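Counting in this note's numbering, the sequence shown runs from -11 upward without gaps.
For glycine and all other residues, C-beta sits at the position ideal for the given N, C-alpha and C.
Just so you know, these numbers come straight off a predicted model, no measurement behind them.
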Amino acid sequence: MSMNARKKKTNEFELYDVLYEDGTRSSNRKVPLSEIDTTDADRSAKAFILAQDRKIAEASGNPRGPIKSVARVKR
-11 MSMNARKKKT
-1 NEFELYDVLY
9 EDGTRSSNRK
19 VPLSEIDTTD
29 ADRSAKAFIL
39 AQDRKIAEAS
49 GNPRGPIKSV
59 ARVKR
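Right under this line is the structure:
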């Protein structure tokens, strides 16, 4: 492979900003495209992030508050 031939990166995830009910924000959360349902992307992304937050809380002992909203980051 020559130096000029580089593989292009494919977007394998979407980025979401998460706003929690206590007012805290988590920016640029990665959600794999395989986890996003095209009929309701925000709902499926929220479900993925909730599951991710539960895993983090179990490991750290610090639970996150409820999610108020999620919004896809426009690139």
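{"query": "Just verifying my parser: in three-state terms, what is the DSSP assignment at K56?", "result": "strand"}
{"query": "When DSSP labels each residue in this structure, what does K18 get in the three-state scheme?", "result": "strand"}
{"query": "Between A45 and V61, what straight-line distance do the alpha-carbon atoms span, to the nearest angstrom?", "result": "24 angstroms"}
{"query": "Go ahead and pull the three-state DSSP assignment for A47.", "result": "helix"}
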